[in-house]
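Peer 1: Quick one: this structure, given as structure tokens, is what I'll be asking you about.
Residue numbers (our numbering): 3 to 382.
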């Protein structure tokens with residue numbers, strides 16, 4: 003089987019989007035007798051489960067200023083267009099068993115692809131909604147390019163892999179999509195097995211943990227609201243709040259450092275070493291796009307989750323591994339109840355790991371994607 007794999011994001015082990023790409027690419031690499039053409043940012047071929055001999059034709063590099071200029075001239079929302087054009091000049095597009103596309107930002111490709119190719123698009127977010135929630139100022143001018151790209155992708159691809167049904171309904175309503183040509187299939191996130199032994203619950207420190215990319219606008223807004231509205235009522239319960247994430251602004255670090263019992267870990271080298279010590283993580287999310295991979299990561303280490311409905315979108319059996327609340331202000335009461343009931347918190351910790359293994363492990367993820375590929379291939 004031959005697949006053209008196209009991604010605007012680097013498959014990696016360091017961030018949510020990159021991890022999801024890596025999980026997909028690793029699953030494809032493990033499909034029997036597969037050969038892969040690759041277009042996208044450069045990545046480490048020594049990542050576990052990625053086999054260099056499975057790859058044939060490759061156009062891969064970090065995006066340059068020139069690549070970004072080409073994207074701007076062509077009015078598309080990703081610099082991938084420069085790599086894609088280079089690929090088709092060198093390796094003219096031919097018949098593939100599948101074309102697998104990460105993200106609806108790549109709508110430009112359909113101008114060059116033959117309709118005989120089966121196209122699977124993996125949808126990380128409703129990109130137009132994600133962009134609006136996380137972008138300010140003049141950058142918002144790009145919104146129409148994202149909207150048009152997403153609409154084009156959904157009009158031309160055969161299968162759309164979605165993380166949950168909320169995204170399916172949103173996409174259908176936003177773009178007036180009919181089910182006649184496009185099949186939506188659920189494909190939630192996964193987390194890889196922990197690298198370190200699990201810490202028994204009674205050996206964990208009294209830590210409430212926030213993890214997430216701190217240079218993402220809605221993550222910072224949710225965290226600030228939690229600190230302002232919830233933390234003053236929790237500050238004297240013997241717990242400390244730890245905040246760990248990528249690229250926090252100087253203003254955010256200053257804001258957090260002025261509060262009592264809060265520690266900040268900027269750009270930690272290994273998030274697992276921080277996460278495994280915590281008794282619970284919080285998700286004070288105000289917007290829900292895609293599916294938060296940090297939840298699956300917490301479950302894999304047996305850490306209960308307290309989050310808003312929007313933050314926990316896509317996850318099932320939430321009451322077995324945590325607490326779902328309607329808004330950030332309700333998190334205070336939910337956390338207090340668990341602080342007072344350590345037996346309950348310990349039970350949630352035990353269930354978290356069990357649910358990860360049953361629903362959100364890479365093993366489950368890989369089997370599901372390979373089954374999707376097989377069924378789509380056989381659906382002539």
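Even for Gly, the Cβ is constructed at its ideal location relative to N, Cα and C.
Take the Cβ of residue 297 as the centre, count every other Cβ of all protein chains shown within 10 Å, and call the residue buried at 16 or more, exposed below.
Peer 2: What you label residue 297 is simply residue 295 of the chain shown in a count that begins at 1. The residue in question, residue 297, is buried, as its Cβ has 16 or more Cβ neighbours within 10 Å.
Peer 1: Would you identify the three-state DSSP class for residue 159, choosing helix, strand or coil?
Peer 2: Here residue 159 refers to the residue found at position 157 of the chain shown. DSSP places residue 159 in coil when its eight states are reduced to three.
Peer 1: Kindly list the residues whose CB is nearer than 7 Å to the CB of residue 47, restricted to its own chain and excluding five residues on each side of it in sequence; keep chain order.
Peer 2: Counting from one through the chain shown, the residue named residue 47 turns up at place 45. Only 54 meet the Cβ criterion.
Peer 1: Check whether the region 183-199 and the region 252-270 are in contact - that is, three or more C-beta pairs closer than 8 Å.
Peer 2: no
Peer 1: Are the CB atoms of residue 104 and residue 9 within a distance shorter than 8 Å?
Peer 2: Taking the first residue of the chain shown as position 1, residue 9 is located at position 7. Taking the first residue of the chain shown as position 1, residue 104 is located at position 102. Their beta carbons are under 8 Å apart, which means residue 9 touches residue 104 by this criterion.
Peer 1: Cα separation between residue 173 and residue 294?
Peer 2: Within the chain shown, the letter at position 171 stands for residue 173. Within the chain shown, the letter at position 292 stands for residue 294. Inter-residue distance for residue 173 and residue 294 is about 18 Å (C-alpha atoms, whole angstroms).
Peer 1: Check this for me: beta carbons of residue 1 and residue 5, under 8 Å apart or not?
Peer 2: No answer is possible for residue 1: it lies beyond the span of the chain, which begins at 3 and ends at 382.
Peer 1: Quick one: what's residue 246 bridged to in DSSP?
Peer 2: Within the chain shown, numbered from 1, the residue matching residue 246 stands at position 244. Residue 246 pairs with 213, 267.
Peer 1: Hey, quick one: how far does the beta strand (DSSP E) through residue 51 stretch, first residue to last?
Peer 2: If you number the chain shown from 1, residue 51 lands on position 49. From DSSP, residue 51 is part of no beta strand (DSSP E); its letter is neither H nor E.
Peer 1: For residue 162, count neighbouring Cβ atoms within 10 angstroms of its own Cβ and tell me buried if that reaches 16, exposed if not.
Peer 2: Along the chain shown, read from residue 1 onward, the residue named residue 162 stands at position 160. It counts as buried.
Peer 1: Indicate the three-state DSSP secondary structure (helix, strand or coil) for residue 207 in the structure shown.
Peer 2: As a working mapping, residue 207 is identified with position 205 in the chain shown. Residue 207 falls in the coil class under three-state DSSP.
Peer 1: When the Cβ atoms of the region 235-251 are set against those of the region 210-218, are three or more pairs found closer than 8 Å?
Peer 2: The region 235-251 makes contact with the region 210-218; the number of CB pairs closer than 8 Å reaches 3 or more.
Peer 1: Is the separation between the beta-carbon of residue 277 and that of residue 308 shorter than 8 Å?
Peer 2: Counting from one through the chain shown, the residue named residue 277 turns up at place 275. Counting from one through the chain shown, the residue named residue 308 turns up at place 306. In this structure, residue 308 does not lie closer than 8 Å to residue 277 by Cβ.
Peer 1: Please return the same chain residues whose Cβ sits closer than 8 Å to the Cβ of residue 59, not counting the five positions on each side in sequence.
Peer 2: Walking along the chain shown from the start, residue 59 turns up at place 57. Excluding positions up to five away in sequence, the list reads 39, 40, 89, 92, 93.
Peer 1: Judging by CA-CA distance, which residue of 250, 270, 207, 126 is the nearest neighbour of residue 167?
Peer 2: Position 165 of the chain shown holds residue 167. With distances taken between CA atoms, residue 167 lies nearest to 126 out of 250, 270, 207, 126.
Peer 1: Hey, out of 292, 282, 247, whose CA is closest to residue 271's CA?
Peer 2: For the purposes of this step, residue 271 is taken as residue 269 along the chain shown, with counting starting at 1. Looking at the Cα atoms, 247 is the closest of the given residues.
Peer 1: With 16 as the cutoff for other CB atoms within 10 Å, does residue 287 come out buried or exposed?
Peer 2: As a working note, residue 287 is residue 285 in the chain shown. So residue 287 ends up on the buried side.
Peer 1: Does the structure place the region 359-366 close enough to the region 213-226 that three or more beta carbon pairs sit under 8 Å?
Peer 2: The region 213-226 vs the region 359-366: no contact.
Peer 1: Can residue 383 and residue 148 be called in contact, C-beta distance under 8 Å?
Peer 2: In the structure displayed, the chain extends from 3 to 382; residue 383 sits before or after that span and is not available.
Peer 1: In this structure, how does DSSP classify residue 81 when only helix, strand and coil are distinguished?
Peer 2: In the chain shown, counting from the first residue as 1, residue 81 sits at position 79. Here residue 81 sits in coil by DSSP.
Peer 1: Assuming the contact rule is C-beta atoms closer than 8 Å, residue 177 and residue 156 should be a hit. Round their C-beta distance to whole Å, please.
Peer 2: Taking the first residue of the chain shown as 1, we reach residue 177 at position 175. Taking the first residue of the chain shown as 1, we reach residue 156 at position 154. Right, their Cβ atoms sit about 6 Å apart.
Peer 1: Three Cβ pairs or more, each shorter than 8 Å: is that satisfied between the region 332-351 and the region 308-323?
Peer 2: yes
Peer 1: Under three-state DSSP, which class holds residue 309?
Peer 2: Here residue 309 is taken as the residue at index 307 of the chain shown, counted from 1. If DSSP states are grouped into helix, strand and coil, residue 309 belongs with the strands.
Peer 1: Take residue 257 and list the residues in its own chain whose beta-carbon comes closer than 8 Å to its own, dropping the five residues that flank it on each side.
Peer 2: The residue given as residue 257 occupies position 255 in the chain shown. Cβ within range, chain order: 226, 229.
Peer 1: Do residue 24 and residue 375 have their CB atoms nearer than 8 Å?
Peer 2: Position 22 of the chain shown holds residue 24. Position 373 of the chain shown holds residue 375. No. Outside cutoff.
Peer 1: By the three-class DSSP mapping on this structure, what secondary structure does residue 32 have?
Peer 2: Position 30 of the chain shown, counted from the start, is the residue given in the question as residue 32. Three-state result, residue 32: coil.
Peer 1: Can you say whether residue 312 is buried or exposed, counting buried as having 16 or more other CB atoms within 10 angstroms of its CB?
Peer 2: Residue mapping note: residue 312 aligns to position 310 of the chain shown, counting from 1. Residue 312 is buried by the Cβ-count criterion.
Peer 1: Mark residue 67 as exposed unless 16 or more other C-beta atoms lie within 10 angstroms of its C-beta, in which case mark it buried.
Peer 2: Residue 67 sits at position 65 when you count from the first residue of the chain shown. So residue 67 counts as exposed.
Peer 1: From residue 340 to residue 291, what distance separates their C-alpha atoms?
Peer 2: Residue 340 sits at position 338 when you count from the first residue of the chain shown. Residue 291 sits at position 289 when you count from the first residue of the chain shown. Approximately 27 Å between the Cα atoms of the pair.
Peer 1: Tell me where the alpha helix (DSSP H) around residue 39 begins and ends.
Peer 2: In the chain shown, residue 39 corresponds to position 37, counting from 1. Unbroken run through residue 39 is the beta strand (DSSP E), 37-42; no alpha helix (DSSP H).
Peer 1: Quick one: using the 10 Å Cβ neighbour count with 16 as the cut-off for buried, is residue 183 buried or exposed?
Peer 2: Here residue 183 is taken as the residue at index 181 of the chain shown, counted from 1. By the neighbour-count rule (16 or more Cβ atoms within 10 Å), residue 183 is not buried but exposed.
Peer 1: Within its chain, find whatever has a CB closer than 6 Å to the CB of residue 27; leave out the 5 residues flanking it on each side and keep chain order.
Peer 2: Numbered from its first residue, the chain shown carries residue 27 at position 25. The residues are 13.
Peer 1: Could you tell me the alpha carbon to alpha carbon distance between residue 367 and residue 185, rounded to whole angstroms?
Peer 2: Along the chain shown, one-based indexing puts residue 367 at 365. Along the chain shown, one-based indexing puts residue 185 at 183. Separation of residue 367 and residue 185 (C-alpha to C-alpha, rounded to the nearest whole angstrom) is 19 Å.
Peer 1: Would you mind giving the Cβ-Cβ distance between residue 305 and residue 282, rounded to the nearest angstrom? I have them listed as a contact below 8 Å.
Peer 2: Within the chain shown, the letter at position 303 stands for residue 305. Within the chain shown, the letter at position 280 stands for residue 282. That pair is a contact at about 6 Å.
Peer 1: Name the DSSP bridge partner or partners of residue 67?
Peer 2: If you number the chain shown from 1, residue 67 lands on position 65. In the DSSP output, where bridge partners are listed per residue, residue 67 has none listed.
Peer 1: Near residue 201, which residues of its chain fall below 6 Å by C-beta distance, leaving aside the five closest residues on each side in sequence?
Peer 2: Walking along the chain shown from the start, residue 201 turns up at place 199. Excluding residues within five positions, the ones whose Cβ falls inside 6 Å are 278.
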